[in-house]
Each structure stands twice: as C-alpha cells, then as structure tokens.
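Count along the sequence shown starting at 1, add 55, and that's the number in the numbering used here.
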Amino acid sequence: LVNEKGKNALDIGTGSGYLTRILSRNFLQVIGTDIDFDSLINQNKKIKNCICCDAAEALNCKFDLIVCNMPYLQSDKISDRKVDGGKEGVEVPLKIIKSAIKCLDDSGKILFVTSSLANYEKLIEESKKLGLDLYECNINLLDREKREWTNWGTGVGEAKLPKSYTLAWFNHPFLNQQY
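If you want it as structure tokens, here you go:
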C-alpha cells in the first residue's frame, strides 16, 4: 500500500488503524470506518477521520482507493460482525463490497482480502456480477520467528498492487511479488 497515491482513501473495518496510518502517508484524506466503536476509541495511536458505521454506508464521497480485510468466517448466525461472514462466509463481504462500490471513483481501486475458509469462489463470482475486475491470489505471511512463509489464505484484488509491503507474498501471475 505504501506505493499507492491519490487524493482520497477509505479503510473499511479500520480496527487498530494500522492501514489507515499507512495510507495517510500518500493520500490527502484518509477515512477509516468500523462497526465497532470500542475499536475506534481504543486504538493505540489515534487516527483522524474515524467514523463508526457499517462499511461505507454513512459516506457520500468518492475514493481513489478502498481497502478492506473482510470478515470471512462461515456462520449461520452473525454473532461477531468483525469476523462472521454469514452463510458461506460471503454474505457480509458482499454487503461491504456493494457499500464500497458506491463510493469508488471511476478510476479507483478496491483491494480486499478474504480467506479460503469462506466460499471465495462465490465471492469472486458475485463480485464480477457487480462489475468488478478481480484477480485471485494466495497470500503467504512471513513467520518472523520461524523465518519461513506460511499460507494465510486467498486474496482477491486489483492487479496493479504496491511492491513494498513486507508481510505478504501474493502467488498469482500478475501479483507474484512481495509487499
């Protein structure tokens, strides 16, 4: 994300504000949203422009970049909206994507991560029906203690991703690079 630049960025599900802080280095305005008010008020390093809302529902502006680490756990009942993705783990992520699309600038990008614990094939299929061009990739994280890469799940994102993030490796012909 450190190589992404633009005017406005949105971090849906900002939680600790980590991605929001990274984005604020290269964007004029960054907004972080989260459904959990306690997450917003208990951040170690407070971020500006936090809004407690569901996805992008409270927003009426356009963004060059929208990022989100989706809730993905399959659940019949949504008990914890931060991690429960609903039926097949796609119900909540699709709601988030639909909310985000209305805030996406015509030339903007949405970068989101999901997991192989969810029915990510269905998520990809449904996202394409919404008009998104998607690329699927496996995400491996560096286990610093073991000094080895471990598979973390499957990601779906835009092909022109940044090159300098240090925690993940995306295995995909278009995204075969370290972040």
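Even for Gly, the Cβ is constructed at its ideal location relative to N, Cα and C.
Positions of the beta strand (DSSP E) runs, each at least 3 residues long and wholly inside the region 112 to 137, are given as 118 to 124 in order along the chain. Judged by their CB atoms, Val122 and Ile67 are nearer to each other than the 9 Å cut-off. When DSSP states are grouped into helix, strand and coil, Gly144 belongs to the helix group.
Around the beta carbon of Phe92, fewer than 16 other beta carbons lie within 10 angstroms, which makes this residue exposed.
Residues Ile86, Phe118, Ile121 of the same chain have their beta carbon placed closer than 6 Å to that of Leu65, with the five preceding and five following residues left out of the count. In the three-state scheme derived from DSSP, where H, G and I count as helix and E and B as strand, Thr69 is classed as coil. Annotation: Ile77 to Lys100 spans about 12 Å, alpha carbon to alpha carbon. By DSSP's assignment, Lys177 forms no beta bridge with any residue.
Between Lys142 and Pro126, the C-beta spacing is not below 9 Å. The alpha-carbon of Cys116 is positioned some 12 Å away from that of Lys62. Annotation: Asn97 to Ser71 spans about 8 Å, alpha carbon to alpha carbon. Residue pairing of Ile86 in beta bridges, as defined by DSSP: Leu65.
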